[in-house]
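Visitor: I am attaching a structure below and will ask some questions about it afterwards.
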Amino acid sequence: MTEKTLTTDLLTALSPDDLNLYFKQSNWIESGSWRDVATIWARDLTEVLIPKSQDFADYAPRVYEALSTLARTEQRPVLEVYNDIRESSGDTVRIRVRHPDSDDGSIPLVDGVKLYQATYEMLISAAAVVDQKRGYLPNRKPAEAMNYVQKSRIGQTEHGSYVIVVHSSLDDSSSATDDQLSPFGRRVLETLASTLASLSTISEHVDPDLVGEDALDSEVDDFVRQGGSVDFCDAIYKLVEGAKQQRVEVELSWSRAVTAPKLLPVSYVIDKQIADLSERLGNTVRRQWQAELKTVKGTVIRLGARERRRGRRCYG
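One point on numbering: in the numbering used here, the residue at position 228 of the sequence shown is 284, and numbering is uninterrupted.
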C-alpha cells in the first residue's frame, strides 16, 4: 500500500476515537472544539481539527489533512503515520508467509484459504483458554472468545512475501476485573505469545528424531499452562501446510493504548520442524486427555423422568 492508495474508505476507517487517542498519546493538547463538530488539537503553533463524526461529507479529506500535519511534525511519511494510528486502537498480528509462489505478492487460492482458516483457528484457540487453560477444547467455544474473533478485523495484505494482517480489538465489552487490568483482546495475544514461546522452547531441547508415543509426555503440563491445546497445535501445523512447508513468521505489535507486556517476545518463527513437533504434541495432549476419561461401571437400578403437567406430577 502506498500513500496514493489511501482511499476514502481507508481514511474513513480511522474513527475520531482512533485519531484523538493518537494525538493525546503524542503529547498534543486538546484545546477545545469548533462549532461542536470537531475537536481542536494544538501543539506549538499548529492546530488540527478532528471531525466528531465519520458521517460528515468532508470526513476523509479532514483526516488526510490531519495525517499530513502529523507527518510534517514527525518528519516521516503519511503512510507510516496512518499505519501507526490504525494500530494504536488495537494490537496487530502479522502472519508472514514464505510461500514458494508469492514472488508477485500473491499466493494460490487453495493455500490462501488454508492460511486464513489456520490463522482463525490459532486465534480462537488462544481466546478460548484465556480464563481457563485446558488442553482439549469443546466444539462450542466460550462466548467471549467468539465475540473477540467477531470484532477482530483482517487488514490489507502487505508486501514482503505474503503477509496476513489481523487487527485485534481492544474493545472490551466484558470489562476487566481489578486483577485483570488488560482488555480481553490483549490477554488473547498474550496467551498466543506465551504458547508460541512454549512451543519454541520445547523445540529447542526435544530431539526431533525422538520417537515413541510417550516421548513428549513430560512437556504437556507446562505447554497447556501457557495456553496450548490440541486445537492450537492443529492450527500451527495447518499454517505451515498452507505455506507449502516453508517457514511462517508471527509478529505481534502492541497498541500504545495499553501497556505492552515486557517479558514476551514479539516475533516467532514456525518452520517445518516446529510444525511437525506441534502435530506430535497435539496428539500427545489428545491421548492424555482421552486417558483421563473414566468409564463408570455399575448396576442401573431405575430409569425415570419427572415433569409437571397441568398442575399434576407425573413420575416415570
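All residues carry an ideal CB built from backbone N, CA and C; glycine is no exception.
Do L193 and S181 have their CB atoms nearer than 9 Å?
Guide: On the sequence shown, residue 193 is found 137 positions in, with the first residue counted as 1. On the sequence shown, residue 181 is found 125 positions in, with the first residue counted as 1. Their beta carbons are under 9 Å apart, which means L193 touches S181 by this criterion.
Visitor: Do the segment 113-133 and the segment 187-204 meet, that is, are 3 or more Cβ pairs less than 8 Å apart?
Guide: Judged by Cβ distances under 8 Å, the segment 113-133 makes no contact with the segment 187-204, as fewer than three pairs qualify.
Visitor: Would Q282 be called buried (16 or more neighbouring beta carbons within 10 Å of its own) or exposed?
Guide: To locate residue 282, count along the sequence shown from 1; it is residue 226. Answer is buried; the Cβ neighbour count reaches 16.
Visitor: Hey, how far is the Cα of P107 from the Cα of I96?
Guide: Walking along the sequence shown from the start, residue 107 turns up at place 51. Walking along the sequence shown from the start, residue 96 turns up at place 40. Approximately 9 Å, taken between the alpha carbons.
Visitor: Tell me whether S230 sits in a helix, a strand or coil according to DSSP, three-state version.
Guide: Residue 230 sits at position 174 when you count from the first residue of the sequence shown. Low local confidence applies: a pLDDT of 48 at S230 is under 50, so the model's placement there is unreliable, with the coordinate-based value given in what follows. The answer is coil: DSSP assigns S230 none of H, G, I, E or B.
Visitor: Cα separation between R209 and V149?
Guide: Taking the first residue of the sequence shown as position 1, residue 209 is located at position 153. Taking the first residue of the sequence shown as position 1, residue 149 is located at position 93. Roughly 10 Å between the two C-alpha positions.
Visitor: Can at least three beta-carbon pairs, one atom from the segment 335-346 and one from the segment 278-294, be found at a separation below 8 Å?
Guide: Segments in contact, yes.
Visitor: Out of A201, L295 and L66, which one is the CA nearest neighbour of Y218?
Guide: Looking up residue 218 in the sequence shown gives position 162. Ranking A201, L295 and L66 by Cα distance to Y218 puts L295 first.
Visitor: What number of angstroms, rounded off, separates the C-alpha of W277 from the C-alpha of V314?
Guide: What you label residue 277 is simply residue 221 of the sequence shown in a count that begins at 1. What you label residue 314 is simply residue 258 of the sequence shown in a count that begins at 1. Sequence inspection shows Asp at residue 277; the Trp mentioned does not correspond to that position. Computed Cα separation, rounded: 30 Å.
Visitor: Between the C-alpha atoms of A199 and Q173, what's the straight-line distance to the nearest angstrom?
Guide: Here residue 199 refers to the residue found at position 143 of the sequence shown. Here residue 173 refers to the residue found at position 117 of the sequence shown. Each residue's Cα considered, the two are about 19 Å apart.
Visitor: So the alpha helix (DSSP H) I357 belongs to, where does it begin and stop?
Guide: Locating residue 357 in the sequence shown gives position 301, counting from the first residue. Element bounds for I357: n/a, residue is neither H nor E.
Visitor: Go through its chain and collect everything with a Cβ distance to P317's Cβ below 6 Å, but skip five positions before and after it.
Guide: For the purposes of this step, residue 317 is taken as the residue at position 261 of the sequence shown. The residues are E246.
Visitor: Which stretch, first to last residue, makes up the beta strand (DSSP E) that contains P107?
Guide: Here the question's residue 107 lines up with position 51 in the sequence shown. From DSSP, the beta strand (DSSP E) with P107 extends over T102 to P107.
Visitor: Mind reading off the beta-carbon distance from I141 to L70? Whole number of angstroms is fine, and I expect it under 8 Å.
Guide: Here residue 141 refers to the residue found at position 85 when the sequence shown is read from its first residue. Here residue 70 refers to the residue found at position 14 when the sequence shown is read from its first residue. With 8 Å as the limit, I141 and L70 qualify as a contact, their Cβ atoms being about 6 Å apart.
Visitor: Mapping DSSP to helix, strand and coil, what is L248?
Guide: To locate residue 248, count along the sequence shown from 1; it is residue 192. Residue state, collapsed to three classes: helix.
Visitor: Buried or exposed: which applies to D270, given that a residue is buried once 16 or more other Cβ atoms fall within 10 Å of its Cβ?
Guide: As a first step, residue 270 is located in the sequence shown; it is residue number 214 there, counting from the start. D270 comes out exposed.
Visitor: Look at E305 and V325 and say whether their C-beta atoms are less than 9 Å apart.
Guide: Within the sequence shown, numbered from 1, the residue matching residue 305 stands at position 249. Within the sequence shown, numbered from 1, the residue matching residue 325 stands at position 269. Closer than 9 Å, so yes.
Visitor: For G372, which three-state DSSP category applies?
Guide: Residue 372 sits at position 316 when you count from the first residue of the sequence shown. Per-residue confidence for G372 stands at a pLDDT of 46, beneath the threshold of 50, marking its modelled position as unreliable; the derived number appears in the next sentence. If DSSP states are grouped into helix, strand and coil, G372 belongs with coil.
Visitor: What whole-angstrom Cβ distance do T213 and V221 have, given they're in contact under 8 Å?
Guide: Here the question's residue 213 lines up with position 157 in the sequence shown. Here the question's residue 221 lines up with position 165 in the sequence shown. So it is a contact: roughly 7 Å between Cβ atoms.
Visitor: DSSP on L295, reduced to helix/strand/coil?
Guide: Along the sequence shown, read from residue 1 onward, the residue named residue 295 stands at position 239. If DSSP states are grouped into helix, strand and coil, L295 belongs with the helices.
Visitor: Once you ignore the five residues that flank S230 on each side, which residues in its own chain have a CB closer than 7 Å to its CB?
Guide: Residue mapping note: residue 230 aligns to position 174 of the sequence shown, counting from 1. Because the pLDDT of S230 is 48, which lies under 50, any placement of that residue in the model is unreliable, and the number read from its coordinates should be weighed accordingly. So the list reads E200 and F240, once near-sequence residues are dropped.
Visitor: Please report the distance separating the alpha-carbon of D273 from that of L179.
Guide: Locating residue 273 in the sequence shown gives position 217, where the first residue counts as 1. Locating residue 179 in the sequence shown gives position 123, where the first residue counts as 1. Going by the C-alpha atoms only, they are around 25 Å apart.
Visitor: Using DSSP with H/G/I as helix, E/B as strand and the rest coil, what is W310?
Guide: Mapped onto the sequence shown, residue 310 falls at position 254. Of the three classes helix, strand and coil, the one that applies to W310 here is coil, per DSSP.
Visitor: My output table needs one value for H155: the three-state DSSP class, helix, strand or coil.
Guide: Along the sequence shown, read from residue 1 onward, the residue named residue 155 stands at position 99. H155: coil per DSSP, three-state reduction.
Visitor: Mind checking which residues open and close the alpha helix (DSSP H) that includes S181?
Guide: Numbered from its first residue, the sequence shown carries residue 181 at position 125. Counting along the chain, the alpha helix (DSSP H) containing S181 begins and ends at L165 to A183.
Visitor: Would you mind giving the Cβ-Cβ distance between T64 and A113, rounded to the nearest angstrom? I have them listed as a contact below 8 Å.
Guide: The count along the sequence shown starts at 1 and reaches residue 64 at position 8. The count along the sequence shown starts at 1 and reaches residue 113 at position 57. Contact flag wrong, Cβ pair sits at about 11 Å.
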